[in-house]
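Colleague: This is the structure I have questions about; it appears just below.
In the numbering used here, the protein residues as written are 109 to 368.
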């Protein structure tokens, strides 16, 4: 009898433990990112007041767009990026310097919607620039109309340099609205290589490098990075939908992979 009772108690106690398994990495709000040491930059918005976003540690780049700090569903503070039409709104990390011009990035994000018109509508969420002609976009995407996919897809891109204006999107990496996603990227100057992970899973088909990219048949070469921007920009006029909202949290730039 005692043996049966003991087993029943243990089984009962184990049920809530199993039910409270850790949520997906992109939804966790326990240990704050900015408590970690040796980060090149970090912002989790927890020390900021709700309302218009501003900080002495980073700047703002907006046109037909706004940045505000608001509370998420779990009570944590997040950055809301809002734009109208082909506007832009970015948190801007100035005076950025990474050893060897290489670094990792991480951001948790949720988009309210992605464009469904016009055809080939192009958007950027992370952009890195500096001394050199290429504008590098380690996280962006494009709407590919039927019969090319009929959806929006993530991709790495660039503009303004010898390689031209391009986005290396793949149908195996759809941009899905409405859900939190943890996105990581790595800028490796050794081969001008950009690699991406979504919720901890590598997406090697999105990787670009010096000779393998989506632009003109010339070498893709990083500038000497000094600015990193995170937010949203759409480049085509009169898009559908007409306005865009992206929520961001736990932004980190580091010499090592931060993880989700």
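For glycine and all other residues, C-beta sits at the position ideal for the given N, C-alpha and C. Computed from a predicted structure; not experimentally measured.
Please say whether residue 198 and residue 338 have beta carbons closer to each other than 8 Å?
Modeller: Here residue 338 corresponds to residue number 230 of the chain shown, with the count starting at 1. Here residue 198 corresponds to residue number 90 of the chain shown, with the count starting at 1. Going by C-beta atoms, residue 338 is nearer than 8 Å to residue 198.
Colleague: Would DSSP call residue 314 helix, strand or coil?
Modeller: The residue given as residue 314 occupies position 206 in the chain shown. Three-state DSSP puts residue 314 in a helix.
Colleague: Checking the sheet assignment: what are the DSSP bridge partners for residue 301?
Modeller: Your numbering for residue 301 matches position 193 in the chain shown. Residue 301 pairs with 296.
Colleague: Taking the Cβ atom as the reference point for each residue, do residue 285 and residue 219 lie within a distance shorter than 8 Å?
Modeller: In the chain shown, residue 285 corresponds to position 177, counting from 1. In the chain shown, residue 219 corresponds to position 111, counting from 1. With contacts defined as CB atoms closer than 8 Å, residue 285 and residue 219 qualify as a contacting pair.
Colleague: If distances are taken between C-alpha atoms only, which option among 350, 323, 334 comes closest to residue 341?
Modeller: Counting from 1 along the chain shown, the entry for residue 341 is found at position 233. The shortest Cα separation from residue 341 among 350, 323, 334 belongs to 350.
Colleague: Between which residues of its own chain and residue 318 is the CB-CB distance below 8 Å, once the five residues before and five after are set aside?
Modeller: For the purposes of this step, residue 318 is taken as the residue at position 210 of the chain shown. Only 299, 300, 301, 327, 328, 329 meet the Cβ criterion.
Colleague: Between residue 202 and residue 332, is the Cβ-Cβ spacing less than 8 Å?
Modeller: As a working note, residue 202 is residue 94 in the chain shown. As a working note, residue 332 is residue 224 in the chain shown. No, these two residues do not count as a Cβ contact at 8 Å.
Colleague: Any idea what DSSP makes of residue 143, helix, strand or coil?
Modeller: Within the chain shown, residue 143 is the residue found at index 35, counting from 1. Three-state result, residue 143: helix.
Colleague: Could you tell me the distance, in whole angstroms, from the CA atom of residue 280 to the CA atom of residue 149?
Modeller: Reading the chain shown from its first residue, position 172 is the one you call residue 280. Reading the chain shown from its first residue, position 41 is the one you call residue 149. Approximately 31 Å between the Cα atoms of the pair.
Colleague: Check the C-beta distance from residue 261 over to residue 248 and give it rounded, since I have them as a contact under 8 Å.
Modeller: Working through the chain shown from its first residue, we reach residue 261 at position 153. Working through the chain shown from its first residue, we reach residue 248 at position 140. Actually they do not touch by this definition, with Cβ atoms about 10 Å apart.
Colleague: Residue 282 by DSSP, collapsed to three states: which one?
Modeller: If you number the chain shown from 1, residue 282 lands on position 174. In the structure shown, residue 282 sits in a strand (DSSP, three-state: E or B).
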